[in-house]
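Just so you know, the sequences run in chain order Z and U. Heads up, the first sequence is in this note's numbering, so the first residue is 1 and it goes up one at a time. Heads up, the second sequence is in this note's numbering, so the first residue is 406 and it goes up one at a time. Glycine included, each C-beta is placed from N, C-alpha and C at the ideal position. One structure is given here, and the rest of the page talks about it.
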Amino acid sequence: MNTWKKDFPIFQKNPKLVYLDSAATSQKPKVVLNAMQYYYENYNANVRRGLYPIAEKATTAVEDVRKKVAKFINAKDPSEIIFVRNTTEAINLVAYTFASHNIKRGDSIVTTIMEHHSNFVPWQQLAKMKKSKLKVLDITADGFLNINDSRFKIQDSRFLAITHVSNVLGTINPIKEIIKQVRAVNPQITVLLDAAQSVPHMKVDVQDLDCDFLVFSGHKMMAGTGIGVLYGKKELLKQMRPFLYGGEMIREVSIESTTFADPPYKFEAGTPDIAGIISLGAAIDYLGSVGMNTVQKHERQLMAYGLSRMEEIDGITIYGPKDVEHRSGVISFNLDGVHAHDVAQVLGDMGICIRSGHHCAMPLHKRLGIPASARVSFYLYNEESDVDRFVEGIKKVKKIFGSKV
Amino acid sequence: MDTQTLYREELLEHYRNPQNFGKISNFSVSAKQKNPFCGDDVEIFVQLEKDRIKNIGFEGRGCAISMAGASIITEFAKGKTKKELTKFSEKDMLNLLGIAVSQTRKKCALLALSVLKDCLYGIKSKS
Chain Z
1 MNTWKKDFPI FQKNPKLVYL DSAATSQKPK VVLNAMQYYY ENYNANVRRG
51 LYPIAEKATT AVEDVRKKVA KFINAKDPSE IIFVRNTTEA INLVAYTFAS
101 HNIKRGDSIV TTIMEHHSNF VPWQQLAKMK KSKLKVLDIT ADGFLNINDS
151 RFKIQDSRFL AITHVSNVLG TINPIKEIIK QVRAVNPQIT VLLDAAQSVP
201 HMKVDVQDLD CDFLVFSGHK MMAGTGIGVL YGKKELLKQM RPFLYGGEMI
251 REVSIESTTF ADPPYKFEAG TPDIAGIISL GAAIDYLGSV GMNTVQKHER
301 QLMAYGLSRM EEIDGITIYG PKDVEHRSGV ISFNLDGVHA HDVAQVLGDM
351 GICIRSGHHC AMPLHKRLGI PASARVSFYL YNEESDVDRF VEGIKKVKKI
401 FGSKV
Chain U
406 MDTQTLYREE LLEHYRNPQN FGKISNFSVS AKQKNPFCGD DVEIFVQLEK
456 DRIKNIGFEG RGCAISMAGA SIITEFAKGK TKKELTKFSE KDMLNLLGIA
506 VSQTRKKCAL LALSVLKDCL YGIKSKS
C-alpha cells in the first residue's frame, strides 16, 4: 500500500486517476500547495527591495530556499544557485552567456542523440551562429551512450551538454565516470548536465559529479510550474555576462553605463516567481522527509514490476536498457500495429494518463527508426495497481485494434 | 468522445484497409506534410484530367485517425473537380469522419485534407 498517495489532493478529487506521466510533470502534495497559498495570504510582497516586515519575510523565505536547494544538490555555496523559469530557460541562459562568449568559430560542441530538444536545439543553433561544429554522441543497441568510441569527439571539444537520465529510454548515464574520463582526455572542457529527470528521483551531488553546470525544473519535482534552477560553479558564474537585463540584477545604473550585481542576482532580472520558489522549498522539505533513497527505491520496484508485466504483452517493443539498475522509472514502448497516439487515446479515456509522440526527442526517435512512442513514467504516488490498470488498458487497445490479446 | 465512438468499426476498417493506399503512377501533382506532434505523415498523389481528379493515392504512416482521414478524403475526392473541393472545409472533414475530436487530435484528423489542398491549390499551409 502506498503511504504517500494520500498526501496528493488530486488523487482524492479524482480517485480513478491513474497518472503515469510524471516525466512530463509531477503531482503536488498538499504541503506544497499550502506553502504557496500561505505566502499569498500572509506575506505576499516583492523581494530584495522592500524594507517593511512582509517584504523582509518574503526576501528571507526566498534566500532560505536558495540555501535549501544548494544543500539538496550539495553545491558549495547558495550563490551558485540561480532561479529561472525551468530547465529549458536554464540551458538557454548558459548558451546565451557562457557558451556564446567562450565558443569560437571552429570550436566543437558535443551533445548526444538521446537529448531532450531543450539540450539539443540551443547547441545546434549556437553552432550554426558561431560556425562551430556540433558533434553528437551515439547510443548502443540497448540505449547506453557510446562514450568509449566517442573519445575522438570529446578530445578537442570545448563544451559537452549531456543528460543525466533520458526522458525516453530511461537510461541513467554514469555521469561521474563520464565526466572523469572526459576531463582526463580534455581538461579544458566545460560540462552542462541536464538533470531534469534525475534530481526529482534520486540523490544528485554536483560536487561529486563535478559538472560545471546543472539544470532542473521545479514542476517535475512536486513544485510549481514557473520555477527551475541553474547551478553553476562560482568561478564560471563570476566571468559570465548577464542573460536578461533590468531590475534586481544591477548594482548602479546611470545614463551612460550600468554595473551588475554579483551572482546569483546578476542572472535574476525582474521579479521572480516568488510563490514558485517557495513551492520548491516546500517540495524539497517533503522529498527530504521521505528521503531520496526511498523515492528511488520505490520507483525502481515499480519499474521492475512494470517491466515484467509489460514483457508479458505480445507485440510490445520496449526501448532502453533491460536492467533496472541502469534505468529510471521511465518506460517508452510501442505496440505492433497500433500507433502510440491511439494507445494513449484509449488509455486516456479510461483515466490512465500516459504520453505519446516523440517526447521532445525527434533525433532520438529517428535514430530508433520510429515515428513516435508511448511512455509511462512513475513517481512516489504510483502503486502496483496503477501498473495493473495500465496493462488492462493495453489489453483493451489490442482488442479494439483487432490484435490477439 | 468516448473510445467506443471514436474508434468505431468503420473508422478502424479504414485504418486497417485504407482506400487508395499507394503511390499512383501517372500523378500530376503531389504534396506531403508531417504532423510534428505525433509523427503522422501523409503524402497524396493526384492525377488530374483538366479540372477533375481522375485518380488519387496516398502514402503515409500514422495514427488511426490520420490514416482513416487520408483513406476517407481520397475516396471522397476521387472524381470531383478542383472547383468543387475549394469549399470543402475543416468542419466538412470532421463530419465526413463522423467523429468529434479533441483539440490535440484535430491535427491528426485534418492532416490529409491539408495535404490534399496543398496538392490541388499549391498553397503551402502551416503544418
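Against chain U, does residue i count as a neighbour if the rule is that its beta carbon must be under 7 angstroms from one of theirs?
i, result
"Asp-342 of chain Z", "yes"
"Pro-371 of chain Z", "yes"
"His-117 of chain Z", "no"
"Gly-339 of chain Z", "A small correction: the amino acid at residue 339 of chain Z is His; Gly does not occupy that position in the sequence shown. It does: the Cβ of His-339 of chain Z has a partner Cβ on chain U nearer than 7 angstroms."
"His-358 of chain Z", "yes"
Tell me whether residue i is buried or exposed, calling it buried when 16 or more other Cβ atoms sit within 10 Å of its Cβ.
i, result
"Val-121 of chain Z", "buried"
"Glu-268 of chain Z", "buried"
"Ser-332 of chain Z", "buried"
"Val-520 of chain U", "buried"
"Asn-148 of chain Z", "exposed"
"Arg-241 of chain Z", "exposed"
"Glu-256 of chain Z", "exposed"
"Ser-507 of chain U", "exposed"
"Lys-220 of chain Z", "buried"
"Phe-390 of chain Z", "buried"
"Tyr-52 of chain Z", "exposed"
"Asn-34 of chain Z", "exposed"
"Tyr-40 of chain Z", "exposed"
"Lys-68 of chain Z", "buried"
"Arg-413 of chain U", "exposed"
"Val-253 of chain Z", "exposed"
Ordered along the chain, which non-local residues of its own chain (more than five positions away) have a Cβ less than 6 angstroms from that of residue i?
i, result
"Ala-70 of chain Z", "Pro-78 and Ile-81"
"Val-31 of chain Z", "Ala-282 and Tyr-286"
"Asn-86 of chain Z", "Ser-217 and Gly-228"
"Ala-304 of chain Z", "Val-324"
"Asp-142 of chain Z", "Pro-321"
"Thr-59 of chain Z", "Val-47 and Arg-48"
"Ser-373 of chain Z", "Ser-332, Asn-334 and Ala-340"
"Leu-525 of chain U", "Lys-487"
Does the beta carbon of residue i sit closer than 7 angstroms to a beta carbon anywhere in chain Z?
i, result
"Gly-444 of chain U", "yes"
"Ser-532 of chain U", "Confidence at Ser-532 of chain U is low in this model, with a pLDDT of 38, below 50, so its placement is unreliable and no value can be given for it."
If contacts are defined as beta-carbon pairs under 8 angstroms, then residue i and residue j qualify, I think. What distance do you get, rounded to the angstrom?
i, j, result
"Glu-299 of chain Z", "Gly-329 of chain Z", "4 angstroms"
"Ala-469 of chain U", "His-358 of chain Z", "Contact flag wrong, Cβ pair sits at about 18 angstroms."
"Ser-157 of chain Z", "Ile-109 of chain Z", "7 angstroms"
"Val-324 of chain Z", "Leu-307 of chain Z", "7 angstroms"
"Gly-467 of chain U", "Asp-497 of chain U", "So it is not a contact: roughly 21 angstroms between Cβ atoms."
"Gly-163 of chain Z", "Asp-194 of chain Z", "Correcting the residue type first, residue 163 of chain Z is Thr in the shown sequence and not Gly. Confirmed, about 4 angstroms."
"Gln-207 of chain Z", "Lys-76 of chain Z", "7 angstroms"
"Val-387 of chain Z", "Arg-327 of chain Z", "So it is not a contact: roughly 15 angstroms between Cβ atoms."
"Ala-249 of chain Z", "Tyr-265 of chain Z", "What sits at residue 249 of chain Z in the sequence shown is Met, not Ala. With 8 angstroms as the limit, Met-249 of chain Z and Tyr-265 of chain Z qualify as a contact, their Cβ atoms being about 6 angstroms apart."
"Glu-454 of chain U", "Lys-437 of chain U", "Their Cβ separation, rounded to whole angstroms, is 22 angstroms, which puts Glu-454 of chain U and Lys-437 of chain U out of contact at 8 angstroms."
"Gly-315 of chain Z", "Leu-335 of chain Z", "6 angstroms"
"Asp-210 of chain Z", "Thr-190 of chain Z", "In fact, because the Cβ distance is near 12 angstroms, the residues do not count as touching under 8 angstroms."
"Val-136 of chain Z", "Thr-112 of chain Z", "6 angstroms"
The ligand SAM heavy atoms versus the CB of residue i: any closer than 6 angstroms?
i, result
"Asp-77 of chain Z", "Looking for the ligand SAM in the displayed structure turns up nothing, as the structure carries no ligands at all."
Given residue i, which residues of its chain have a CB within under 7 angstroms of its CB, disregarding the five upstream and five downstream residues?
i, result
"Ala-99 of chain Z", "Leu-126 and Phe-159"
"Tyr-381 of chain Z", "Asn-2, Trp-4, Lys-5, Phe-8, Phe-11 and Gln-27"
"Lys-13 of chain Z", "none"
"Gln-124 of chain Z", "Leu-134"
"Phe-432 of chain U", "Phe-450, Val-451 and Gln-452"
"Gly-247 of chain Z", "Ala-269 and Gly-270"
Among the residues of its own chain, which have a CB less than 8 angstroms from the CB of residue i, if the five just before and after it don't count?
i, result
"Val-346 of chain Z", "Gly-393, Lys-396, Val-397 and Ile-400"
"Cys-353 of chain Z", "Leu-17, Val-18, Tyr-19, Leu-20, Asp-21 and Leu-347"
"Pro-423 of chain U", "Phe-463, Met-472, Ala-473, Ala-475 and Ser-476"
"Ser-532 of chain U", "Residue confidence is low: Ser-532 of chain U scores 38 on pLDDT, short of 50, so the model does not pin down where it sits. No coordinate-derived value is stated."
"Asp-205 of chain Z", "Ile-73 and Asn-74"
"Glu-384 of chain Z", "Leu-302 and Tyr-305"
"Leu-169 of chain Z", "Met-114, Ile-139, Gly-143, Tyr-319, Gly-320, Pro-321, Arg-327, Val-330, Ser-332 and Leu-364"
"Ala-514 of chain U", "Ile-470, Ser-471, Gly-474, Met-498, Leu-499, Leu-502, Ile-504 and Val-506"
Anything in the stretch 464-497 of chain U with a Cβ closer than 7 angstroms to a Cβ of chain Z? List those residues in chain order, please. Arg-466, Gly-467, Cys-468 and Ala-469
What residues from the stretch 255-276 of chain Z come within 9 angstroms of chain U, judged by C-beta to C-beta, listed N to C? none
Determine which residues of the stretch 504-517 of chain U have a Cβ less than 8 angstroms from any Cβ of chain Z, and write them out in chain order. Arg-510 and Cys-513
Residues of the stretch 118-149 of chain Z with a CB closer than 8 angstroms to any CB of chain U: list them in chain order, please. Flagged: no residues at all.
Against chain U, which members of the stretch 8-35 of chain Z pass a CB distance test of less than 7 angstroms? For the stretch 8-35 of chain Z, which is checked against every Cβ of chain U, not one residue is closer than 7 angstroms.
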